[in-house]
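Trainee: Quick note: the sequence shown uses this note's numbering, first residue 6, plus one each step. Dumping the structure here so I can ask a few things about it.
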Amino acid sequence: MTYSRIIVSLGLVAVLSACSNSASDEDKSHESAAPASSSPGTSAPATEAAPAPAPAPAPEDIRATAASVLMPPATSYEDAKAKLEAGVGGIFIPSWADPGLLEEEGRNINALRAELGRDFEVAIDFEGGRVQRFSEILGQYPSAQQMAAENSPEQVEQLAGDVGKRLMDYGINVDFAPVLDVDGDGLEVVGDRAFSTDPAQAGDYGAAFARGLDAAGVKAVFKHFPGHGRASGDTHLAEAITPPLEELENHEFIPFRDAIPAAPNAALMMGHLAVPGLGDGQTPASILPEAYGLAREALQYDGTIYTDDIGGMAAISDSLPLADAVITSLAAGADMPLWSTEADINAVIDAVVGAVDEGRLAPDRLGDAARHVHDGDSD
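Right under this line is the structure:
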């Protein structure tokens with residue numbers, strides 16, 4: 006289905022498609038633990054011209070379009086159904102969700118798809134190791150570090166294919182994995198979640214994992230750009246600052262530059278990391294226009310960019326209420342803001358619509374987010 010057809014149909018019905026320290030700490034947040042110019046000195050490969058910006062949605066379609074680019078948490082069948090009926094483009098399953106959403110016959114994700122009569126994104130954090138939610142249902146898999154130590158990239162691709170098949174069996178079609186952070190400086194939030202301390206190896210294994218998921222029908226999501234491995238701390242707990250931009254270019258960016266063309270169907274997650282030399286050097290990348298510009302231009306990436314959890318991670322939640330964080334991230338360049346904390350979904354959608362009405366969120370930016378989220382839908 007083309008983007009233009011989506012915008013037309015949004016007036017009638019929302020078209021829905023489709024990191025962390027210890028597991029206990031992760032459960033207090035998104036669990037994804039779970040980038041307006043090219044960076045200086047980064048030489049981007051020659052590519053075709055970027056697609057023209059998507060048209061702004063018609064005024065009567067603003068609310069449906071706004072809802073369709075949001076990914077709130079879903080903790081039960083009723084909760085998921087209500088949010089999807091409100092028009093959201095996807096749901097995220099946190100570790101405290103009712104297991105019945107996965108396994109209770111007639112009240113699980115597969116049943117929900119049948120009841121609603123359409124598809125939608127269902128996302129989870131499932132990296133292996135200490136970040137694999139509902140492993141008692143979905144299975145146990147080694148950490149990224151162990152995968153790389155014991156297997157070739159080809160074997161990791163096969164292993165990820167097994168992960169993807171298990172996720173698909175339970176209706177999950179988006180995995181916030183693999184981690185492309187380069188392990189360094191002993192930062193616990195990364196550690197064995199990274200494939201390697203070597204940037205090139207991290208990229209090779211990350212791309213292999215993503216291809217394995219993709220072969221099973223699951224969208225992989227590379228995280229956490231612009232790179233969390235040598236940050237000053239854990240963004241779940243407080244603000245975190247990376248080394249200067251010029252250092253990232255020759256270290257943290259390498260896995261992303263290598264893996265994106267090697268696994269072109271994977272998406273990208275923007276972390277909450279402040280980067281000296283990028284923008285004001287203090288604002289987290291997830292709400293910083295220059296960070297999204299960096300991803301689009303320096304990485305030559307034109308797919309969906311999710312935020313890391315903007316509701317349950319202190320690097321954002323300490324300074325921005327949820328609705329403001331959603332609006333700010335969309336305005337900066339995010340395509341699909343993600344959060345794990347409970348909130349009135351209609352109030353969040355209303356806030357996004359209000360931001361468009363007030364001129365704080367440009368309609369064409371919202372349209373461009375919808376294009377990135379929905380491109381690739383099929384009839």
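Don't be surprised by glycine CBs; every beta carbon is placed ideally from N, CA and C. In this text the structure is predicted, and so the values were computed from the model without any measurement.
1. So which of D380, D373 and P368 has the shortest CA-CA distance to A63?
2. If you count every other CB in all the chains shown that lies within 10 Å of the CB of E83, and 16 or more means buried, which is it?
3. Report the three-state DSSP secondary structure of F214 (helix, strand or coil).
4. Taking 9 Å as the threshold (C-beta atoms), are A320 and A205 in contact?
5. Are the CB atoms of H233 and L278 nearer to each other than 9 Å?
6. Quick one: using the 10 Å Cβ neighbour count with 16 as the cut-off for buried, is D373 buried or exposed?
7. Mind the definition here: the region 102-117 touches the region 172-188 only if three or more C-beta pairs lie below 8 Å; say whether that holds.
8. Mind checking R123: buried by the 16 CB within 10 Å criterion, or exposed?
9. Count the other CB atoms, across all protein chains shown, that sit within 10 Å of the CB of D323; report buried if there are 16 or more and exposed otherwise.
10. May I have the straight-line CA-CA distance separating A154 from E302, to the nearest angstrom?
11. Quick one, which of Y210, D203, D209 and E193 has its alpha-carbon nearest S237's?
12. Can you list, in chain order, the residues of its chain whose CB lies under 6 Å from that of K33, leaving out five sequence neighbours each side?
13. So does the region 113-121 actually touch the region 143-153, counting three or more Cβ pairs closer than 8 Å?
14. I need the straight-line Cα distance from L17 to I67, nearest angstrom please.
15. Expressed to the nearest angstrom, what Euclidean distance is found between the alpha-carbon atoms of F139 and S100?
16. What are the boundary residues of the alpha helix (DSSP H) that includes G359?
17. Measuring straight from C-alpha to C-alpha, what distance separates A61 and E141?
18. Judging by CA-CA distance, which residue of R235, A207 and A272 is the nearest neighbour of G189?
19. Using only CA atoms, which one of H377, P158, R216 and I129 lies nearest to S201?
20. Following the continuous alpha helix (DSSP H) through M274, name the residue where it begins and the one where it ends.
21. Determine the contact status of D167 and G217, defining contact as a CB-CB distance below 9 Å.
22. Cβ atoms of L273 and G222: under 9 Å apart, would you say?
23. Closest by CA to V195, which one among T346, E162 and F230?
24. Would you report the Cα separation of L299 and L293, rounded to the nearest angstrom?
25. Just tell me which of N255, L327, Q287 and K224 has its CA closest to the CA of A356.
26. Should E162 go down as buried or exposed, given a rule of 16 or more other Cβ atoms within 10 Å for buried?
27. How many whole angstroms separate the CB atoms of K88 and I350, which I take to be in contact at a CB cut-off of 8 Å?
28. So, with DSSP's three-state summary, where would you put D456?
29. Alpha carbon to alpha carbon, how far is I315 from A267?
30. Rounded to whole angstroms, what is the Cα-Cα separation between I310 and M275?
31. Could you tell me if D180 is buried or exposed, where buried requires 16 or more neighbouring beta carbons within 10 angstroms of its beta carbon?
32. Taking the alpha-carbon of I312 as reference, which of M76, D209 and D186 has the nearest alpha-carbon?
33. Just the C-alpha distance for R198 and R171, rounded to the nearest angstrom, thanks.
34. Can you name the residues that DSSP bridges to T312?
35. Should A352 go down as buried or exposed, given a rule of 16 or more other Cβ atoms within 10 Å for buried?
36. Do I354 and A128 have their CB atoms nearer than 9 Å?
Mentor: According to the structure shown:
1. P368
2. exposed
3. helix
4. no
5. yes
6. buried
7. yes
8. exposed
9. exposed
10. 33 Å
11. E193
12. Per-residue confidence for K33 stands at a pLDDT of 38, beneath the threshold of 50, marking its modelled position as unreliable; no derived number is given.
13. no
14. Here L17 scores only 32 on pLDDT, less than 50, and its place in the model should not be relied on; the value that follows carries that caveat. Cα to Cα, L17 sits roughly 12 Å from I67.
15. 7 Å
16. I350 to D362
17. 44 Å
18. R235
19. P158
20. Run containing M274: none in the alpha helix (DSSP H); it sits in the beta strand (DSSP E), A272 to M275.
21. yes
22. no
23. F230
24. 10 Å
25. L327
26. buried
27. 5 Å
28. The structure shown does not extend to residue 456, since the chain is modelled only from 6 through 384, so no value can be given for it.
29. 29 Å
30. 7 Å
31. buried
32. The sequence shown places Thr at residue 312, not Ile. When only C-alpha atoms are compared, the closest one is M76.
33. 20 Å
34. M275
35. exposed
36. no
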